[in-house]
Amino acid sequence: MAQVKLPDGSTKEVANGTTVEELARQIGAGLARAAIAARIDEQLVDLSVPITADVSVQIITSKDKESLEIMRHSCAHVMAEAICSIWPETKLVYGPTVEDGFYYDVDLDEAIRPVDFELIEKKMTEIVKADSSFVRKEISREEALSKLSGDKYKTDNINRAEGDVISFYSHGDGFEDLCRGPHVPSTGKVGSFKIMSVAGAYWHGDPTQKMLQRVYGTSWSTKKELDEYLQILEEAKKRDHRVLGKQLDLFSFNEAGPGFAFMHSGGMIIWNSIVDFWRSVHNRYGYGEIKTPIILNEELWHKSGHWDNYKENMYFSEIDGVGYAIKPMNCPGGCLVYKFRQHSYREFPIRVAELGLVHRHEASGVMHGLFRVRQFTQDDAHIFCTPEQIESEIVGVIELTFEIYRAFGFEDFHIELSTKPEKHIGSDEMWDTATNALKGALKRKEIDYQINEGDGAFYGPKIDFHIKDCLKRSWQLGTIQLDFSMPERFGLVYTDKDNTEKTPVMIHRAVLGSFERFIGIIIEHYGGSMPLWLAPEQVRVLPISEKSSEYAEVVENRLKDAGLRCSVDLSNEKIGAKIAKAHGEKLPYMLVIGPKEAETNAVNVRIRGVQENKTVGIDEFLESAKCKVVDKEIDLSI
RNA sequence: GCUGCUGUAGCUCAGCUGGUAGAGCGCGUCCUUGGUAAGGACGAGGUUAUGGGUCCGAGUCCCAUCAGCAGCUCCA
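The first sequence begins at -8 in the working numbering and counts up one residue at a time.
Okay, structure coming up:
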């Protein structure tokens, strides 16, 4: 007999060798029906596992979050069988679960196309209907290796697996796959699924290896959950900044310059509003602002180390027979400005910001709307200071960064610290000092962070800031990078207290990262419905008919005098159509006016997304709107 | 850069196995002068991404180039 401890604290005695499934049945028929897998002493196992000692057991049902992963993994096996039955020459590689679903990498010369998904799903449905059991078989590592000796992918998987026992799972007639498990008891329990997409993926993520086909699928406990998930995907699609940018006439791309964004006047209003805010904050934090040239002599880039470490991403040109480079970063230019005159320790720290336009030749396949472009504006800054000042300067940058993020409603951030990469300049000692300074500042601000070993820039370690948008998607924005080597390379010095020349420390930092990308992020974050202070057009006056054109002009002038961005819709349309059009353009405020309003110097205010409307005096509206702009308020209600 | 898919009117898309382009929205003109999420009529718009090829004939089939999309690798 074995003593089984259950999650509610109770114990149950069962015969030695009782399977978990039998245990579930003894507890209750409902539980047995709902059971997907189990956890024995912290380890996830199949229901068919026998209990042979005193253990604690938790039966996992679809209510537990672990079940979804198990289900999806099983679903991946079902998909693998379906693919193998359609294309018998398929070699299976690896099929894990991912967030929201699973994929299976397969080696198959014939391309699987989206039109084939239906066929795969049909085959899967047959396998699910058969409801055949998942059967686990364990053999020794040696046996497994000889069994699969002809299969380089599975042999590789065995070599990567831990332990001496290698397990296989089979279901139905003949389908078997190397797998750690656990699995749902039978193919009928893989949930509601859908094949999502297919794309190429290198074996082991290594570009020198064969390109495999990665088939993505998703599965959920119920059809309803699957439909909800597909619905959310639809919603995210509507928020796509590439779609909204086109629809709202904010920016565009053209074949004439792949990866180079064209900012339209609407997009530039958003841009300039952010710049105004950004400048005011930087001014308050003691930054000066400079602007350095986009094209600089190639020699400079040899000196900075970019030629050796970043050449493949740079654009080059020639002027009067002399080599020039288009800047991919602003720091060398910043160093030249520093060098323009002498500096004393008394001036330190010197904080110099630059909205620098940089060009980087990104691989053609990685471009993505405003998120990944070949030309972008960094909200860069370089701080020159003494080693003693590093920590407090970093603390200052962190405070400034958080203040800016909060203005856009980003409250959920996390920080990552990246250390020395393989390709780097500077001594190990330098790297240690720099890395410790960053850690010190984070400790002082009591900020938790994650460490990414080997992920730093070639000239120094860095801290990266990540934010989460309203759809809980994470984005990297700001970065702080310590640099002890660039000042040395450029021969930057300052005169210290003891009247000797010393090399300053240089801190590179960006808060928003790239203006282009940040604008893309906030478009998605706000779903195109920009807060008043960022909205390209803030108010539109909608006269009921031509008879009110004159009063519309009066209202428009009042709005313009108050500094609000506005227009009047004088089109020959009924009021309903004008409202619908303004809503489509995501106008924050619509002021409906007719003879009634004209009589009392009033406006009837309609707010974006709100059905009810309210008549107020012009002055009252202006006062409220002006305050909302100044306070960067998101709520539009008056 | 790699793999796969896509490219038709300003936008979103239709166009079956090859037989000389179509809708809705938008745009223009006119009618209508209206009270809160799209009134009506008429009309203008396309070397079907580009360049080759097969064919009596190509939006449709084949090849190349360019661009976009989904991923992979890389990255702000």
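Glycine included, C-beta positions come from ideal geometry on N, C-alpha and C.
Just so you know, these numbers come straight off a predicted model, no measurement behind them.
(request) Buried or exposed for Ser271, please, with buried defined as at least 16 other CB atoms from any protein chain shown within 10 angstroms of its CB. (result) With fewer than 16 Cβ atoms within 10 Å of its Cβ, Ser271 is classed as exposed.
(request) Return the CA-CA distance between Tyr193 and Glu290, expressed in angstroms with no decimal places. (result) Going by the C-alpha atoms only, they are around 38 Å apart.
(message) Checking 8 Å against the spacing of the C-beta atoms, do Ile395 and Val502 come in under that value?
(response) For Ile395 and Val502, yes; Cβs fall inside 8 Å.
(message) Can you tell me where the beta strand (DSSP E) holding Val583 begins and where it ends?
(response) Per DSSP, Val583 belongs to the beta strand (DSSP E) from 580 to 584.
(message) Rounding to the nearest angstrom, what Cα-Cα distance links Ala(-7) and Asp455 in this structure?
(response) Taking the straight line joining both Cα atoms gives about 52 Å.
(request) Please go through the same chain and pick out, in chain order, the residues whose beta-carbon is closer than 7 Å to the beta-carbon of Ala71, but skip the five residues on each side of it. (result) Around Ala71: Leu83, Gly86, Tyr95, Asp168.
(message) To the nearest angstrom, how far is the alpha carbon of Lys488 from that of Gln333?
(response) Cα to Cα, the separation comes out at about 14 Å.
(request) Leaving out five residues on either side along the sequence, give the residues of the same chain with a beta carbon under 6 Å from the beta carbon of Ile281. (result) Answer for Ile281: Val328, Val343, Glu345, listed in chain order.
(message) So Ile61 and Pro173 are supposed to be a Cβ contact under 8 Å. How far apart are they, rounded?
(response) Their Cβ separation, rounded to whole angstroms, is 6 Å, which keeps Ile61 and Pro173 in contact under 8 Å.
(request) Please report the residue range of the alpha helix (DSSP H) in which His222 lies. (result) Going by the sequence as given, residue 222 is Gln instead of His. Annotation: the continuous alpha helix (DSSP H) that includes Gln222 extends over 214 to 230.
(message) Between which two residues does the beta strand (DSSP E) holding Thr2 run?
(response) Its beta strand (DSSP E) spans residues 2 to 5.
(request) State the Cα-Cα distance for the pair Tyr517 and Phe362, rounded to the nearest angstrom. (result) Whole-angstrom Cα-Cα distance: 16 Å.
(request) Using 10 angstroms around the beta-carbon of Gly279, count the other beta-carbons present and answer buried if the total reaches 16, otherwise exposed. (result) Residue environment for Gly279: exposed (fewer than 16 other C-beta atoms within 10 angstroms of its C-beta).
(request) With a threshold of 16 other CB atoms inside 10 Å of the CB of Leu99, please say whether the residue is buried or exposed. (result) Taking all protein chains shown into account, Leu99 has 16 or more neighbouring C-beta atoms within 10 Å of its C-beta and is therefore buried.
(message) Which residues does DSSP list as the beta-bridge partners of Glu407?
(response) By DSSP's assignment, Glu407 forms a beta bridge with Gln441, Asp455.
(request) Might you give, ordered along the chain, the residues of its own chain that have their beta carbon closer than 6 Å to the beta carbon of Gly250, omitting 5 neighbours on each side? (result) Met358, Val364, Arg365.
(request) Check Phe125 in the structure and name its three-state DSSP category. (result) Coil.
(message) Once DSSP output is grouped into helix, strand and coil, what is the label at Ser562?
(response) Residue state, collapsed to three classes: coil.
(request) With a 10 Å radius around its C-beta and 16 neighbouring C-beta atoms as the bar for buried, classify Asp610 as buried or exposed. (result) Asp610 should be labelled exposed.
(request) Look up Leu555 in the DSSP assignment and say whether it is helix, strand or coil. (result) DSSP places Leu555 in coil when its eight states are reduced to three.
(request) Answer with buried or exposed for Asp622, where buried requires no fewer than 16 other C-beta atoms within 10 angstroms of its C-beta. (result) Its Cβ having fewer than 16 others within 10 Å, Asp622 is exposed.
(message) Going residue by residue through the segment 349 to 427, where are the continuous beta strand (DSSP E) segments of at least 3 residues, counting only ones entirely within it?
(response) You should have 366 to 376, 404 to 409.
(request) Locate the alpha helix (DSSP H) running through Phe631, then write down its first and last residues. (result) This structure does not reach residue 631, given that the chain is present from -8 up to 629, and the question cannot be answered.
(message) If you reduce the DSSP assignment to three classes, tell me which class Leu83 lands in.
(response) Note: Leu83 maps to strand in three-state DSSP.
(message) Counting C-beta neighbours from all protein chains within 10 Å, is the total for Ile317 16 or more, i.e. buried, or is it exposed?
(response) Label assigned to Ile317: buried.
(message) Can you confirm whether the segment 468 to 488 touches the segment 385 to 403 when touching is taken to mean that 3 or more C-beta pairs between the two stretches lie within less than 8 Å?
(response) Yes, the segment 385 to 403 is in contact with the segment 468 to 488.
(request) Would you kindly check if the distance between the Cβ of Arg508 and the Cβ of Phe367 is under 8 Å? (result) If you check the CB distance, Phe367 and Arg508 come in under 8 Å.
(message) Between Ile374, Lys605, Asn490, Asn443, which has its C-alpha nearest Ile498's C-alpha?
(response) Across the set Ile374, Lys605, Asn490, Asn443, the C-alpha of Ile374 shows the shortest separation from the C-alpha of Ile498.
(message) Can you confirm whether the segment 205 to 223 touches the segment 175 to 188 when touching is taken to mean that 3 or more C-beta pairs between the two stretches lie within less than 8 Å?
(response) With a cut-off of 8 Å, the segment 205 to 223 and the segment 175 to 188 count as touching, because enough Cβ pairs lie within range.
(request) Ignoring anything shorter than 3 residues or poking outside the segment 454 to 536, list the beta strand (DSSP E) runs there in chain order. (result) Within the segment 454 to 536, complete beta strand (DSSP E) segments of at least 3 residues are found at 465 to 474, 496 to 505, 530 to 534, given in chain order.
(request) Kindly indicate the opening and closing residues of the alpha helix (DSSP H) around His68. (result) Element bounds for His68: 56 to 77.
(request) Starting from the C-beta of Arg500, find all residues in its chain whose C-beta is less than 6 Å away, skip the five residues before and the five after it, and write them out in chain order. (result) Closer than 6 Å at the Cβ level, and outside the excluded window around Arg500, lie Ala372, Val388, Ile471.
(request) Go through its chain and collect everything with a Cβ distance to Leu217's Cβ below 6 Å, but skip five positions before and after it. (result) Excluding positions up to five away in sequence, the list reads Ser183, Trp211.
(message) So if DSSP puts Ser161 in a beta bridge, which residue, or which two residues, is it bridged to?
(response) In the DSSP assignment, Ser161 forms a beta bridge with Val126, Glu167.
(request) Given a cut-off of 8 Å, decide if Phe475 and Ala432 are closer than it, judged by their beta-carbon atoms. (result) Ala432 places its beta carbon 8 Å or farther from that of Phe475.
(request) Please state if the CB of Gly236 and the CB of Ile514 are separated by a distance shorter than 8 Å. (result) Against a cut-off of 8 Å, the Cβ pair of Gly236 and Ile514 comes out as a contact.
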